[in-house]
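Here's the structure, in structure tokens; my notes come after.
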């Protein structure tokens, strides 16, 4: 999967992301962002929510993205990441929503 393909799929979801799930921003990182994803690669996504990031909202977003992308999604929030890992992610992250 390419970064452009992910961005196009996310654009189609944009109204639902903001109105139903209160997504403030989505960033793709990892192999898709670097352009070296394989056909079996997952899609690494960093999410920022408006307001509280509930478990239900998190899981609904993960399911929605996996369905739209037809790929496994590794979804993370900033709060769940260690500083070291966050620095690496921020260096390669590409905003898609």
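Numbering (the working numbering), first residue to last: 759 to 855. From the three backbone atoms N, C-alpha and C, an ideal C-beta is built for every residue, glycine too. In this text, all values refer to a predicted model and were calculated from it rather than measured experimentally.
Inset, instruction - Using three-state DSSP, classify residue 854 as helix, strand or coil. - result: Assignment of residue 854 by DSSP, reduced to helix, strand and coil, places it in the coil class.
Legend entry - With 16 other Cβ atoms within 10 Å as the buried cut-off, status of residue 813: Sixteen is the threshold: since fewer than 16 other Cβ atoms of the shown chains lie within 10 Å of the Cβ of residue 813, the residue is exposed.
Legend entry - Local conformation of residue 762 per DSSP, three classes: The answer is helix: DSSP assigns residue 762 an H, G or I state.
Inset, instruction - Kindly identify the DSSP beta-bridge partner or partners of residue 807. - result: DSSP, once it has assigned bridges, lists 781 as partnering residue 807.
Inset, instruction - Enumerate in chain order the residues of its own chain whose CB-to-CB distance from residue 807 is below 7 Å, with the five nearest sequence positions on each side excluded. - result: Closer than 7 Å at the Cβ level, and outside the excluded window around residue 807, lie 780, 781, 782, 815.
Inset, instruction - Find out if the Cβ-Cβ distance for the pair residue 834, residue 801 is shorter than 8 Å. - result: In this structure, residue 801 does not lie closer than 8 Å to residue 834 by Cβ.
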